[in-house]
Each structure stands twice: as structure tokens, then as C-alpha cells.
Amino acid sequence: MSATTKIAVHSLSDLKNTTDDALPNYLTSLKFKQSHTQTDVRLFLGYSAVAIAGTLFYFDWKQGWDATKAYTAPAVVAYFILNGIFSYWIWAVEKGVVFTGEGKTGKIRICSSSKKHIPIYELTVTLTPPSSVEQTLHIRAPFTRWFTSDGYFVAKPFQQWLASEIPIVGAADPGNVVEEIGRGSEAEKVLNATGTNVADVLGHLKRAGGNSGDSGKRRKG
């Protein structure tokens, strides 16, 4: 399935933003329930600062400077404090988060990034499979893997990349796990094993894929 909107292939921001938008759409289609807590906090901070500025302006306009001057300094201080917290929240807490949620195969938090002039999409994935401890993965792939030369996003190779590199996504969508990582039924077995970490999961799935035989092989998209 291809996106109907064409983007400029030389614009890294367009490539990243389009990919960022596709990621939560894919995960929610796999029944991962997205958490909006961080977004709600960011919106609360932003709207609170705007509300303070708007309220002060309104009363100053209606009542005049003499009636509102006693409230101006506290309002300005509160405004800058909220904006400072807002900036800290975006850069230090969210840090490029594009998805936080939970599904039957575990909890997941994904942050995306890309470096200037380098068309590589990078993800830092924090996940907690069932009956296991929190693990972190760092994965990367070129945008050309899922964008056509004329600027159209193609969902299938992007979904295959995520399902193949992230065990709990592969367990939720075994049909998109490609040969090098293994098949979904094996992913589910590994993820349900107590105390298994991410490195073991990937190694187990790769070995399973290599032993699956010709009948179980899939061609990479």
C-alpha cells in the first residue's frame, strides 16, 4: 500500500515527518494502545502559558494599567516559568518520542531521530516483553527502503523493517517478519519465555529463520 501524498525526496524533514506519522498508525493497527500522557502534559503547559498571557491582556485592555499593574509581574513570571518547563519537557522528557503504548506482546516506547544531511532513520526503542525486564534497542535504516524515487511512501517495507527488528512488534505481526529475523510463531514463543532479553530474542529468531527451510522463506520487500 502506498501513500497518496508525494513529498520532496531531498527534504529530510519531510521524509522523517512522514515516517513518524506512519509509525503510530501501524502500531495502533496491531492493537497497541497508545498512551497520550506526555502529549497531554505538553498541551497543558502550552495552553496554560497562553491562557495567562491572554487573560492579562484582556483585563489590561478592559480595566486599564492602573487596575492590572499589581498582577502583571506575577503573571509574567508565571508565563516564563511555564514556558521554561514546556521547553524542558519537549527536549529532555519527550526527546523525539513518536509512540508510547502497550499491546498484548508488551510495552513499547519509540523515539526517532535523523542527522543533518544523512538520510538515515534512527529509532531508540525501549520495550518490556511479557515476563521480562525493560530492554533498549537502537535500530536504523535508510529512508530509501520505504520511499520511492519519486517521493511516495510505501508502507509494506517499513512495516517489515519494524516487525523484523523489534521483537514485540514481530510477535504482534508475524506476517511482516522477514527471513533474516524469523517467523512470528517463534517470536511469540521467545517473548513469552521468562527472563529473555532482547539480544536473546533476536538471536533466537535469526536462528529459527535460518532453520525454517525453503517453505518458510520470504523474499525481502
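No gaps in the numbering here: position 84 of the sequence shown is 579 in my numbering, and each next residue is one more. For every residue, glycine included, the Cβ atom is placed at its ideal position computed from N, Cα and C.
Starting from the Cα of T621, find the closest Cα among F653, S543, P662 and Q654 and give me that residue. As a working note, residue 621 is residue 126 in the sequence shown. Ranking the options by Cα distance to T621, first place goes to P662.
Taking 8 Å as the cut-off, does the stretch 601-609 touch the stretch 515-524 (at least 3 CB pairs, one atom from each stretch)? Segment contact: the stretch 515-524 against the stretch 601-609, three or more CB-CB distances shorter than 8 Å; contact assigned.
From the DSSP output, in three-state form, read off F594 for me. Indexing the sequence shown from 1 puts residue 594 at position 99. In the structure shown, F594 sits in a strand (DSSP, three-state: E or B).
Using 7 Å as the threshold, is the C-beta distance between K649 and L657 below it? The residue labelled residue 649 in the question sits at position 154 within the sequence shown. The residue labelled residue 657 in the question sits at position 162 within the sequence shown. Here residue 649 turns out to be Val, not Lys, going by the sequence shown. The answer is no: Cβ separation not under 7 Å.
Residue of K511, V536, G598 and S506 minimising C-alpha distance to Y616: Counting from 1 along the sequence shown, the entry for residue 616 is found at position 121. Of the candidates K511, V536, G598 and S506, the one whose C-alpha sits nearest the C-alpha of Y616 is K511.
Under the assumption that T717 contacts Q533 (Cβ atoms under 8 Å), give the Cβ distance between them as a whole number of angstroms. For residue 717 there is no data in the structure shown, the boundaries of the chain being 496 and 716.
Could you have a look at S607 and say whether DSSP puts it in helix, strand or coil? Here residue 607 refers to the residue found at position 112 when the sequence shown is read from its first residue. Residue state for S607 is assigned as strand, using DSSP reduced to three classes.
With a cut-off of 8 Å on the beta carbons, I'd call T623 and A667 a contact; round off their distance for me. Within the sequence shown, residue 623 is the residue found at index 128, counting from 1. Within the sequence shown, residue 667 is the residue found at index 172, counting from 1. About 14 Å separates the two Cβ atoms, so there is no contact after all.
For T567, which residues in the same chain have their Cβ closer than 8 Å to its Cβ, ignoring the five residues on either side in sequence? Here residue 567 refers to the residue found at position 72 of the sequence shown. Taken in chain order, the residues that qualify are L551 and D555.
For the putative contact between V504 and G646, defined by C-beta atoms under 8 Å, what is the C-beta separation to the nearest angstrom? Here the question's residue 504 lines up with position 9 in the sequence shown. Here the question's residue 646 lines up with position 151 in the sequence shown. Taking 8 Å as the upper bound for CB-CB distance, V504 and G646 are in contact here, some 5 Å apart.
Is the beta carbon of L538 closer than 7 Å to that of F581? In the sequence shown, residue 581 corresponds to position 86, counting from 1. In the sequence shown, residue 538 corresponds to position 43, counting from 1. The answer is no: Cβ separation not under 7 Å.
Just verifying my parser: in three-state terms, what is the DSSP assignment at L632? Reading the sequence shown from its first residue, position 137 is the one you call residue 632. In the structure shown, the three-state DSSP call for L632 is strand.
Between S627, S644 and S659, which has its C-alpha nearest R635's C-alpha? Within the sequence shown, numbered from 1, the residue matching residue 635 stands at position 140. When S627, S644 and S659 are compared, the shortest CA-CA separation from R635 is found for S659.
Where does S626 land, buried or exposed, given buried means 16+ other C-beta within 10 angstroms? The residue labelled residue 626 in the question sits at position 131 within the sequence shown. Around the Cβ of S626, a 10 Å sphere holds fewer than 16 other Cβ atoms; the residue is exposed.
Buried or exposed: Q630, going by 16 or more other Cβ atoms within 10 Å of its Cβ? In the sequence shown, the residue the question calls residue 630 occupies position 135. So Q630 ends up on the buried side.
Counted within 10 angstroms of its Cβ, other Cβ atoms place I547 as buried (16 or more) or exposed: In the sequence shown, counting from the first residue as 1, residue 547 sits at position 52. Taking every protein chain shown into account, the CB of I547 has 16 or more other CB atoms within 10 angstroms, so this residue is buried.
Less than 6 Å between C-beta atoms, sequence neighbours within five positions excluded: which residues of the same chain meet that for T619? Within the sequence shown, numbered from 1, the residue matching residue 619 stands at position 124. For T619, where only same-chain residues beyond five positions count, the Cβ hits under 6 Å are C606 and H633.
For I553, which residues of its own chain have a beta-carbon under 6 Å away from its beta-carbon, when the five flanking residues on both sides are left out? Counting from one through the sequence shown, the residue named residue 553 turns up at place 58. The sequence as given places Tyr at residue 553; Ile does not occur at that position. If you ignore the 5 residues before and after Y553, its C-beta comes within less than 6 Å of no other C-beta in its own chain.
Counterpart residues of G670 in DSSP-defined beta bridges: On the sequence shown, residue 670 is found 175 positions in, with the first residue counted as 1. Beta-bridge pairing links G670 to no other residue.
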